[in-house]
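Working notes, structure below.
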Amino acid sequence: GAVVSQHPSWVICKSGTSVKIECRSLDFQATTMFWYRQFPKQSLMLMATSNEGSKATYEQGVEKDKFLINHASLTLSTLTVTSAHPEDSSFYICSARDWGQEGNQPQHFGDGTRLSIL
Amino acid sequence: DQQVKQNSPSLSVQEGRISILNCDYTNSMFDYFLWYKKYPAEGPTFLISISSIKDKNEDGRFTVFLNKSAKHLSLHIVPSQPGDSAVYFCAASSKGAQKLVFGQGTRLTINP
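Protein chains in written order, with the working numbering: chain R, 91 to 208; chain W, 2 to 113.
Right, dumping it as structure tokens:
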């Protein structure tokens, strides 16, 4: 159980393009999902917390107009990198927690999306 | 301010031996701790967790120890297997908080 699916796994596109990444919880409902970014050989950096039916909460230094988050249902959150530039190239990972379970529960992660902007 | 620290960027262990990965934290409000395993170009996989009301949790070959007074936790893997070679992240959260704070990761290499 607790499977998180992320799509696409790899994107290569031209500078100026907007790219949408989907994150789905397959066997549980996730009122909250999380979006991370990982630079090579570094830790995971939380970008934003995605809340179903309301605005996302962005971490300090993350441009909300650059990284648009939509959490329209209990099983789907999307991250859109708008007008992407080479410096946006990175590994983006989403996670979700099964809030239907009691007590402390781990976040489960998708397999990530490698974004390369040419 | 690095609230969760993994001071060893890499660790090499012989197959069959015990692997011990360490993690220190500074925030006394943390009450839930997790270990994740990550392969390149994949998302982290949850391994094991521990609540602050416990000092040990065991799941098969994996055991996590928590020393609250020292603000230190460790992950023991025994016996170590080649498939355990990966980057291991420790993470922590505080009561009521949804966010996880991750350490920098330790690259574990199991040598045959």
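Heads up, the beta-carbon is just placed ideally off N, CA and C, and yes, glycines get one too.
Since the structure is predicted, the reported quantities are computational estimates derived from the model, not experimental observations.
Kindly indicate which residue of W/N23, W/M30, W/L12 has the alpha-carbon position closest to the one of W/K96.
By one-based count along the second sequence, residue 96 of chain W stands at place 95. The shortest C-alpha separation from W/K96 is found at W/M30.
W/L35 versus chain R: which residues are under 7 angstroms apart at the beta carbon?
As a first step, residue 35 of chain W must be located in the second sequence, where it is residue number 34. Within 7 angstroms Cβ-Cβ: P196.
Which residues bound the beta strand (DSSP E) around R/S99?
Locating residue 99 of chain R in the first sequence gives position 9, counting from the first residue. From DSSP, R/S99 is part of no beta strand (DSSP E); its letter is neither H nor E.
For W/K72, collect the residues of the same chain with a Cβ closer than 8 angstroms to its Cβ; drop the 5 residues on either side in sequence, then sort them by chain order.
The sequence position of residue 72 of chain W within the second sequence is 71, counting from 1. These residues qualify, in order along the chain: D25, Y26, T27, S29.
With 8 angstroms as the limit, tell me which residues of the stretch 56-70 of chain W have their beta carbon closer than that to any beta carbon of chain R; keep them in chain order.
Of all residues in the stretch 56-70 of chain W, none has a Cβ within less than 8 angstroms of some Cβ in chain R.
Run the CB neighbour count on W/R18, radius 10 Å, all protein chains shown included, and call it buried at 16 or more, exposed below.
What you label residue 18 of chain W is simply residue 17 of the second sequence in a count that begins at 1. It is exposed - the Cβ of W/R18 has fewer than 16 other Cβ atoms within 10 Å.
Mind checking the stretch 131-148 of chain R against chain W and listing, in chain order, the residues whose C-beta falls within less than 8 angstroms of any C-beta there?
If the cut-off is 8 angstroms between Cβ atoms, the stretch 131-148 of chain R has Q132, S133, L134, L136, T139 near chain W.
Does the Cβ of W/Q105 have 16 or more other Cβ atoms within 10 Å, making it buried, or fewer, making it exposed?
In the second sequence, the residue the question calls residue 105 of chain W occupies position 104. Flag for W/Q105 reads buried.
Quick check for students: name the residue ranges of the beta strand (DSSP E) that lie wholly in the stretch 44-70 of chain W, counting only runs of 3 or more.
Whole beta strand (DSSP E) segments, 3+ residues: 46-52, 57-60, 63-68.
Buried or exposed for W/G44, please, with buried defined as at least 16 other CB atoms from any protein chain shown within 10 angstroms of its CB.
In the second sequence, counting from the first residue as 1, residue 44 of chain W sits at position 43. Under this definition W/G44 is a buried residue.
Cβ closer than 7 angstroms: which chain R residues qualify as neighbours of W/L101?
As a position in the second sequence, residue 101 of chain W is number 100, starting the count at 1. Q197, listed in chain order.
Compare the C-beta of R/D117 with all C-beta atoms of chain W and state if any pair is closer than 8 angstroms.
For the purposes of this step, residue 117 of chain R is taken as the residue at position 27 of the first sequence. Output row for R/D117: interface = no.
Compute the Euclidean distance between the alpha carbons of R/T172 and W/Y89, then round it to the nearest angstrom.
Indexing the first sequence from 1 puts residue 172 of chain R at position 82. Indexing the second sequence from 1 puts residue 89 of chain W at position 88. About 32 angstroms.
Report yes or no: do the stretch 112-131 of chain R and the stretch 180-189 of chain R share at least 3 C-beta pairs separated by less than 8 angstroms?
Flag = yes, the stretch 112-131 of chain R and the stretch 180-189 of chain R touch.
Compute the Euclidean distance between the alpha carbons of R/G106 and R/R204, then round it to the nearest angstrom.
Numbered from 1 along the first sequence, position 16 holds the residue referred to as residue 106 of chain R. Numbered from 1 along the first sequence, position 114 holds the residue referred to as residue 204 of chain R. When rounded, the distance between both Cα atoms is 17 angstroms.
Using a beta-carbon distance cut-off of less than 9 angstroms, what residues from the stretch 162-193 of chain R approach chain W?
Against chain W - using a Cβ distance shorter than 9 angstroms - the residues of the stretch 162-193 of chain R are F181, I183, C184, S185, R187, G193.
Please confirm whether any heavy atom of the ligand COA lies closer than 7 angstroms to the CB of W/P45.
With respect to the ligand COA, the structure offers nothing, as it holds no ligand at all.
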